[in-house]
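Counting in this note's numbering, the sequence shown runs from 820 upward without gaps.
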Amino acid sequence: MLTDPKTGEAEITDEFDRRDQILDAANECFTQLGIQRTSVQDVARMAKVSRGTIYRYFVDRDVLIDAAIEFGAQRFYRDVATAMAKKSTLAEQVGAMAETHARILLDHRTRNRLMADDAELMRHMISDGDTAVRRTTKFLEPYVRDARDRGEVGAGVDVTAASEWLARIIWSFS
């Protein structure tokens, strides 16, 4: 990524790259400052773009926050899928998911350092809790189905119910 010497903005050729750049910057600001204390100007400065550029992609701060959290969730599932792909049994896959989840939580200082004093983060985590379990359930269903097909779990196992149970166990560590 180059920086335009006239505007000081990072040069990005693809609109999706610019959006991702902004969302990466927002998540970095959340890590450093907390969600509540992060302003649009902070994100713009971190992303090396103008505030106007931020508002071209996100109509307001709340939309930016929601998009950044969603962006982080998508990254989480990509990381988990990569870790799970290296394992051959459901037990190993769930272990890899739990390990990845724990590593991300420990690495992501937003969760550890700011949990107690960042009401905004808590609001998002509480309101997104059911969504996180539903999303994780859907994510796990193919793994549980494959395990059932391999005979690792009983043929009568309800894939959705088992996946939800695993999802709730994994998220309970949060």
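Every residue, glycine too, gets a C-beta built ideally from N, C-alpha and C.
- Note that the C-beta distance between F958 and A902 is not below 9 Å.
- Close CB contacts of I873 within its chain, under the 8 Å cut and outside five residues either way in sequence, are with I841, V859, V862, A863, A866 and L883 (chain order).
- The three-state secondary structure of K957, taken from DSSP, is helix.
- In summary, Q893 is exposed, with fewer than 16 beta-carbon neighbours lying within 10 Å of its beta-carbon over all protein chains present.
- For a cut-off of 8 Å, the C-beta gap from F895 to I923 is around 6 Å, short enough to register as a contact.
- Looking only at G853, A845, R875 and T850, the smallest Cα-Cα distance to E834 is reached by R875.
- Separation of R969 and A910 (C-alpha to C-alpha, rounded to the nearest whole angstrom) is 13 Å.
- Taking the Cα of D965 as reference, the smallest distance to any Cα among D843, V913, S869 and E889 is reached at V913.
- Here D898 has T919 as same chain residues with Cβ atoms under 6 Å from its own Cβ, once five neighbours each way along the sequence are excluded.
- The C-beta distance from T979 to T956 rounds to 7 Å, short enough to meet the 8 Å contact threshold.
- Using a Cβ distance threshold of 9 Å, T908 and E971 count as a contacting pair.
- Taking 9 Å as the cut-off, the Cβ atoms of V963 and S991 do not count as close.
- Less than 9 Å separates the beta-carbon of D843 from that of F890.
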